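J.: Have a look at this one.
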Amino acid sequence: MKKPFQTKDNWKATTLLVVSIMFYSTLLATSAMGEDVSRITIIVASQSSAEFQEPVEPTPPPYIPQENKPPVADAGGPYYGYINQTIVLNASKSFDPDGKIIGYRWDLNNDGLYDTEWLTQPITTYTYTKTGNYTIKLQVKDNNNTLANDTTVVHITSLKEEKILPIPLIIAPNIAFSNQNITFDASKSFDIDGEITNYTWIFEENQKVFGVKVNYSFETAGNKSIVLKITDNDNLTNYTIFNIKIISIIKEIAIENTLYYLVDTDGDNQINAIANS
Numbered sequence: 074m075k076k077p078f079q080t081k082d083n084w085k086a087t088t089l090l091v092v093s094i095m096f097y098s099t100l101l102a103t104s105a106m107g108e109d110v111s112r113i114t115i116i117v118a119s120q121s122s123a124e125f126q127e128p129v130e131p132t133p134p135p136y137i138p139q140e141n142k143p144p145v146a147d148a149g150g151p152y153y154g155y156i157n158q159t160i161v162l163n164a165s166k167s168f169d170p171d172g173k174i175i176g177y178r179w180d181l182n183n184d185g186l187y188d189t190e191w192l193t194q195p196i197t198t199y200t201y202t203k204t205g206n207y208t209i210k211l212q213v214k215d216n217n218n219t220l221a222n223d224t225t226v227v228h229i230t231s232l233k234e235e236k237i238l239p240i241p242l243i244i245a246p247n248i249a250f251s252n253q254n255i256t257f258d259a260s261k262s263f264d265i266d267g268e269i270t271n272y273t274w275i276f277e278e279n280q281k282v283f284g285v286k287v288n289y290s291f292e293t294a295g296n297k298s299i300v301l302k303i304t305d306n307d308n309l310t311n312y313t314i315f316n317i318k319i320i321s322i323i324k325e326i327a328i329e330n331t332l333y334y335l336v337d338t339d340g341d342n343q344i345n346a347i348a349n350s
């Protein structure tokens, strides 16, 4: 049974009772041994001098912040393509060991100037209009604004016999819910001097799905990038990317016959926006 908290007054009474019991027990034990109990002296602190002390909370140890670990940049590649072909640059293997990467930017000709703003997605595209071997630089930034760099090479050649690249096009919604079955449609893609023979969709973590129309669902909220690769009858390929925002419904509430959704838009499982039906 849990003991009640003792006040100053009942603490003194308890102390006196304990001392009295101890004194009485000593008398009994001494008398049983044949000792003269009159010669026993019991020293007891004066009750009036006993002070009640409130319990003291222990002082927590001082907080020592851990040293931030820098992110690791991975520009992917090497990349290969033709003049006027869309080159997909993929930095999705970049990571931060103790946080997350919040920005990506690219220097596409290694001139020391970045050709993109800070991007929130690791995938971007670029088209080169001249042949050559291009060194490109990736810079990433983590949630502590610590930077890391990586370089790779893009090899650009010209098409043989003036062939024409196929043109990929994607039809899909720009916003959808997590776990929603989303249709991605590439039927408007075309090839001027031939026909398209293969459609390859590349989703999260390099998951590949094949077909003109495909269905896919995302489990988590956030901005997602989908890559479509098409190949024609001349074995020429071309790429495009499609960005879609996925939101997760955290809670539904009804106000005056209107249904509202409290949603997570960035994948941290926290409510940061409101949408209505």
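One rule links them: number in the numbering used here = place in the sequence shown (from 1) + 73. Yeah, the Cβ is synthetic: ideal placement off N, Cα and C, and Gly gets one too. If you're wondering where the values come from, they're calculated on a predicted model, not measured in any experiment.
Bridge partners of LEU301, per DSSP?
T.: Paired residue(s): TRP274 and THR313.
J.: If I follow the unbroken beta strand (DSSP E) through ALA249, where does it start and stop?
T.: From DSSP, the beta strand (DSSP E) with ALA249 extends over 248 to 250.
J.: Taking 8 Å as the threshold, find out whether the stretch 222 to 239 comes into contact with the stretch 144 to 154 through three or more Cβ pairs.
T.: Touching, yes, given that three or more Cβ pairs across the two stretches are closer than 8 Å.
J.: Are the CB atoms of THR159 and THR189 nearer to each other than 7 Å?
T.: No, the pair does not count as a contact, with Cβ atoms beyond the cut-off.
J.: Rounded to whole angstroms, what is the Cα-Cα separation between LYS297 and PHE168?
T.: Each residue's Cα considered, the two are about 17 Å apart.
J.: I want to check one thing, is the minimum distance from the CB of GLN158 to the heavy atoms of the ligand SAH below 6 Å?
T.: In terms of ligand content, the structure shown is empty, and the ligand SAH therefore cannot be addressed.
J.: Which residue marks the beginning of the beta strand (DSSP E) containing GLN212, and which one marks its end?
T.: 205 to 215 is the span of the beta strand (DSSP E), which, as asked, contains GLN212.
J.: To which residues does DSSP link ILE255 through a beta bridge?
T.: Partner(s): TYR289.
J.: Does the pairing of the stretch 168 to 183 with the stretch 281 to 296 give three or more beta-carbon distances under 8 Å?
T.: With a cut-off of 8 Å, the stretch 281 to 296 and the stretch 168 to 183 do not count as touching, because too few Cβ pairs lie within range.
J.: Measuring only the C-alpha atoms, how far is LYS236 from ASP266?
T.: Approximately 8 Å, taken between the alpha carbons.
J.: Please report how far the alpha carbon of ALA348 lies from the alpha carbon of THR293, in whole angstroms.
T.: Going from the Cα of ALA348 to the Cα of THR293 covers about 17 Å.
J.: Any chance the stretch 319 to 328 sits against the stretch 241 to 258, with 3 or more Cβ pairs inside 8 Å?
T.: The stretch 319 to 328 is in contact with the stretch 241 to 258.
J.: Locate the beta strand (DSSP E) running through ILE240, then write down its first and last residues.
T.: No beta strand (DSSP E) holds ILE240; DSSP gives it neither H nor E.
J.: Taking 6 Å as the limit between beta carbons, can you name the residues of its chain near TRP191, skipping five residues before and five after?
T.: Hits under 6 Å: GLY176 and ARG178.
J.: In the DSSP assignment, what residue or residues form a beta bridge with ALA294?
T.: Answer by DSSP bridge pairing: none, since ALA294 is not bridged.
J.: Ignore the nearest five residues each way along the sequence and tell me which others in ASP305's own chain have a CB closer than 7 Å to its CB.
T.: Cβ within range, chain order: PRO239, ASP264, GLY267, GLU268, ILE269 and THR270.
J.: On a CA-only basis, which of ASN308, GLN139, TYR333 and LEU162 is nearest TYR207? Give me that one, please.
T.: Cα-wise, what sits closest to TYR207 is LEU162.
J.: When burial is assigned at 16 or more other CB atoms within 10 Å of the CB, is LYS286 buried or exposed?
T.: LYS286 is exposed by the Cβ-count criterion.
J.: Which class does GLU325 belong to by DSSP, given the choice of helix, strand or coil?
T.: Strand.
J.: Let me know the secondary structure DSSP gives LYS281 once reduced to three states.
T.: Strand, per DSSP.
J.: If you draw a straight line from the C-alpha of TYR289 to the C-alpha of ASP337, how long is it?
T.: Those two C-alpha atoms are separated by around 20 Å.
J.: For LYS233, name the three-state secondary structure that DSSP assigns.
T.: Looking at LYS233 - three-state DSSP - the assignment turns out to be helix.
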